[in-house]
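Here the sequence shown stands for residues 4 to 595, numbered as in my numbering. Inspection log for the structure reproduced underneath, given as structure tokens.
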Amino acid sequence: MYRAPVEEIAFALKHVAGLRAALDAGTFGDLGEDLVDAILEEAGRFASEEVAPLYKVGDRTGARLSDAAVTMPPGWKELYKHWVEGGWNSLNGPEEFGGQALPTMLGVATLEMWNSASMAFGIGPTLSMGAVEALEKHASEDLKSAYLAKLVSGEWMGTMNLTEPQAGSDLAALRTRAERAGDGTYRIFGQKIFITYGEHDLTDNIVHLVLARLPDAPAGTRGISLFLVPKFLLNEDGTPGARNDVFCSGIEEKLGIHASPTCTMIYGDGFAKGREPGAVGWLIGEENRGLACMFTMMNNARLLVGIQGVAVAETAFQKALAYANERRQGKASSYKGEGMAPIVHHPDVQRNLLTMKALTQAARAIAYSCAHAIDMARVSTGADKAHWQDRANLLTPLAKAFSTDVGVDVASLGVQIHGGMGFIEETGAAALLRDARIAPIYEGTNGIQAIDLVTRKLPLGNGEHVFGYIGELAGVAIAVAAMNSEAYGRTALILEQALDDLQGVTRHLQMQLGDGRTDDALAGATPYLRLFSLVAGGACLARAALADGDERRIALCRFFAENLLGETAALKDRIIGGTASLAAAATALISA
Numbered sequence: 004m005y006r007a008p009v010e011e012i013a014f015a016l017k018h019v020a021g022l023r024a025a026l027d028a029g030t031f032g033d034l035g036e037d038l039v040d041a042i043l044e045e046a047g048r049f050a051s052e053e054v055a056p057l058y059k060v061g062d063r064t065g066a067r068l069s070d071a072a073v074t075m076p077p078g079w080k081e082l083y084k085h086w087v088e089g090g091w092n093s094l095n096g097p098e099e100f101g102g103q104a105l106p107t108m109l110g111v112a113t114l115e116m117w118n119s120a121s122m123a124f125g126i127g128p129t130l131s132m133g134a135v136e137a138l139e140k141h142a143s144e145d146l147k148s149a150y151l152a153k154l155v156s157g158e159w160m161g162t163m164n165l166t167e168p169q170a171g172s173d174l175a176a177l178r179t180r181a182e183r184a185g186d187g188t189y190r191i192f193g194q195k196i197f198i199t200y201g202e203h204d205l206t207d208n209i210v211h212l213v214l215a216r217l218p219d220a221p222a223g224t225r226g227i228s229l230f231l232v233p234k235f236l237l238n239e240d241g242t243p244g245a246r247n248d249v250f251c252s253g254i255e256e257k258l259g260i261h262a263s264p265t266c267t268m269i270y271g272d273g274f275a276k277g278r279e280p281g282a283v284g285w286l287i288g289e290e291n292r293g294l295a296c297m298f299t300m301m302n303n304a305r306l307l308v309g310i311q312g313v314a315v316a317e318t319a320f321q322k323a324l325a326y327a328n329e330r331r332q333g334k335a336s337s338y339k340g341e342g343m344a345p346i347v348h349h350p351d352v353q354r355n356l357l358t359m360k361a362l363t364q365a366a367r368a369i370a371y372s373c374a375h376a377i378d379m380a381r382v383s384t385g386a387d388k389a390h391w392q393d394r395a396n397l398l399t400p401l402a403k404a405f406s407t408d409v410g411v412d413v414a415s416l417g418v419q420i421h422g423g424m425g426f427i428e429e430t431g432a433a434a435l436l437r438d439a440r441i442a443p444i445y446e447g448t449n450g451i452q453a454i455d456l457v458t459r460k461l462p463l464g465n466g467e468h469v470f471g472y473i474g475e476l477a478g479v480a481i482a483v484a485a486m487n488s489e490a491y492g493r494t495a496l497i498l499e500q501a502l503d504d505l506q507g508v509t510r511h512l513q514m515q516l517g518d519g520r521t522d523d524a525l526a527g528a529t530p531y532l533r534l535f536s537l538v539a540g541g542a543c544l545a546r547a548a549l550a551d552g553d554e555r556r557i558a559l560c561r562f563f564a565e566n567l568l569g570e571t572a573a574l575k576d577r578i579i580g581g582t583a584s585l586a587a588a589a590t591a592l593i594s595a
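Below, the structure written as structure tokens:
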């Protein structure tokens with residue numbers, strides 16, 4: 004059973020990502036460490052004692068569709084009600100609409116716990132939080148007053164409707180259409196697929212944010228608008244009234260996250276009887292500027308999906324560690340007891356467990372650091388604001404892609420440690436791997452994150468922001484070397500070599516982009532993202548070790564450096580020397 008690692012989460016927030024320094028500086032007003040600790044403790048209790056016990060029933064029962072209505076697994080409606088009553092949905096919401104306006108860092112930390120306890124539960128509120136942010140920044144005052152308070156509290160939930168059968172990552176192919184109704188509203192017609200929590204019985208209204216194209220819109224992504232389309236239209240008193248012309252025609256049978264309803268949504272097909280077809284919608288922002296509004300929601304969601312990777316990895320590590328201490332096989336020199344040794348005494352199992360732990364903590368630190376940058380951008384002004392916004396933008400693809408890759412890798416190692424029993428559903432190790440596999444795919448595949456990193460984030464600050472960040476990481480290596488401690492082993496040397504690798508390939512990719520060789524740069528984008536993340540993660544583990552000198556943190560930092568960080572040399576070679584062979588071999592793959 005999952006137990007929230009509250010102490011580890013608090014340490015990463017305060018001493019690695021930068022929360023304690025911000026609190027000491029009064030960055031977040033009167034928010035103090037005592038309140039932070041109390042929030043984390045209660046979130047850990049709720050996740051461990053209330054969410055986690057319902058994971059198995061959610062995985063086994065799943066969401067069920069009947070007559071366009073989705074029923075959630077037994078106990079989930081009550082769980083969600085308790086969660087909302089606890090104020091968890093409003094943690095980061097704007098105060099004007101009933102939110103607590105606490106730092107993003109705290110919201111991300113609690114989301115890690117919800118997703119560790121049940122990823123299928125944690126993904127639902129993620130979309131609502133993104134909807135709140137999009138509406139707060141782009142919607143009219145009338146829409147804000149009608150919908151935001153209910154979304155902030157969690158009384159209603161929100162969705163994000165982008166994907167269509169022919170338009171996945173390429174939104175230029177989007178066909179859902181919107182027609183002006185002449186009264187300030189619009190009528191929406193079309194189909195959306197893969198809509199998370201598009202239909203369910205947890206709330207009495209669902210607020211869909213839908214991308215659609217007006218008849219006179221420009222071609223491509225410049226002609227996309229964003230609309231708010233509620234499941235139920237509102238009465239004059241703001242309560243849900245008549246059913247809108249939108250319904251769920253099917254839910255997907257998925258590899259994992261079975262309790263999360265992944266819906267096909269139909270707009271304007273005459274489902275709402277007694278009036279003309281067409282789902283009633285309201286414009287968010289300006290016509291033909293919907294993608295900018297939606298990216299507000301997507302950027303939020305990408306970090307929150309990244310924390311799902313951390314969350315699943317944490318649970319997989321806990322489960323594997325418990326099993327390794329119980330399962331007995333063979334002899335081990337370190338075991339002094341009677342009979343067969345618990346497998347945790349075998350060096351190969353230890354290596355796998357430490358790899359799981361180190362990767363999880365590295366990914367957590369990157370994700371929390373990204374959240375910290377978002378917070379600092381929000382409270383800063385002028386050049387400082389620009390700096391922190393660039394930092395958040397730079398770290399977002401790392402937080403999303405590396406963390407979700409870690410989730411899959413760590414969950415897979417967890418199955419391995421369980422041996423044959425890991426392949427059996429009874430242990431729950433396989434369920435975590437099934438759940439984890441979606442995270443590198445949705446909210447922008449990890450390949451797209453790598454493209455974003457190379458083409459959009461490396462040019463930030465005229466190409467210099469990334470080197471400022473690398474310089475900060477180099478300062479950590481210098482601090483480790485200055486300790487002159489045998490406990491750190493070769494950590495400083497290996498981290499310095501990895502930083503040299505990162506600096507060199509960053510210059511290389513920037514030169515390729517500057518020369519117009521975009522395809523060559525993109526050929527190395529995915530290995531570059533991993534190289535960057537490994538270096539950042541290694542530096543974060545070293546920062547954690549330096550923060551309190553705890554021998555366990557020092558040992559983990561050294562393990563990461565001496566066992567995992569050497570991969571950067573191979574990644575560098577792949578980025579710089581692998582382009583020509585990729586292009587030559589790829590010709591055999593293309594049939595048309």
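Cβ atoms here follow ideal geometry from the backbone N, Cα and C, with glycine treated the same way. Because the structure is a prediction, the values reported are computed rather than measured.
Considering only residues of the same chain and omitting the five flanking positions on each side of residue i, which have a CB-CB separation below 6 Å?
| i | result |
| --- | --- |
| A548 | R556, I557 and C560 |
| L456 | P400 and L532 |
| H141 | I287, G288 and C296 |
| A404 | N449, Q452 and L532 |
| R394 | A376 |
| M424 | T430 |
| L57 | G78 and L82 |
Report the residue from the options whose alpha carbon sits nearest the alpha carbon of residue i.
| i | options | result |
| --- | --- | --- |
| A573 | A482, Q500 and A7 | Q500 |
| T358 | I269, T299 and G541 | G541 |
| G527 | T509, D518 and L537 | T509 |
| P8 | R246, V352, N302 and R367 | R367 |
| A46 | S131, V73 and I12 | I12 |
| D27 | A282, E36 and D378 | E36 |
| Q332 | D387, G422, E255 and G447 | G422 |
| P106 | A485, W91 and S172 | W91 |
| T596 | L151, A245, S51 and A490 | Outside the modelled stretch of the chain, which goes from 4 to 595, sits residue 596, for which no answer is possible. |
| L109 | K84, T299, V60 and F31 | F31 |
| F192 | T199, E182 and E88 | E182 |
| R520 | T582, P280 and A316 | T582 |
| L534 | G471, A304, D576 and A25 | D576 |
Identify the continuous beta strand (DSSP E) that holds residue i and give its terminal residues.
| i | result |
| --- | --- |
| L231 | S228 to P233 |
| G253 | V249 to I254 |
| T74 | A72 to T74 |
| S69 | R67 to S69 |
| A245 | P243 to R246 |
Taking DSSP as the reference, what is the three-state secondary structure of residue i?
| i | result |
| --- | --- |
| F49 | helix |
| E345 | A small correction: the amino acid at residue 345 is Pro; Glu does not occupy that position in the sequence shown. Strand. |
| M268 | strand |
| L237 | strand |
| M297 | helix |
| I3 | Limits of the chain in this structure are 4 at one end and 595 at the other, which puts residue 3 out of reach. |
| T64 | helix |
| F31 | coil |
| F14 | helix |
| T199 | strand |
| I473 | helix |
| I260 | coil |
| N566 | helix |
| L461 | coil |
Excluding the 5 residues preceding and the 5 following residue i in the sequence, name in chain order all residues of the same chain whose CB lies nearer than 7 Å to its CB.
| i | result |
| --- | --- |
| G569 | I497 |
| P415 | Sequence check: residue 415 is Ser here, not Pro. Correct list, in chain order: L436. |
| A344 | R331, G333, K334, A335 and Y338 |
| M4 | A55 |
Can you list, in chain order, the residues of its chain whose CB lies under 8 Å from that of residue i, leaving out five sequence neighbours each side?
| i | result |
| --- | --- |
| M492 | Checking the sequence, you will find Gly at residue 492 rather than Met. Within the same chain, G492 has close Cβ partners R561, A564 and E565. |
List the DSSP bridge partners of residue i.
| i | result |
| --- | --- |
| F192 | R180 |
| A282 | I191 |
| A170 | E167 |
| A215 | S228 |
| M160 | I209 |
| I287 | L229 |
Would you kindly report the start and end of the unbroken alpha helix (DSSP H) that includes residue i?
| i | result |
| --- | --- |
| W391 | G385 to P400 |
| M116 | T107 to A120 |
| I451 | N449 to D455 |
| R330 | Element bounds for R330: n/a, residue is neither H nor E. |
| S372 | P350 to V382 |
| T521 | T521 to A526 |
| S584 | T582 to A589 |
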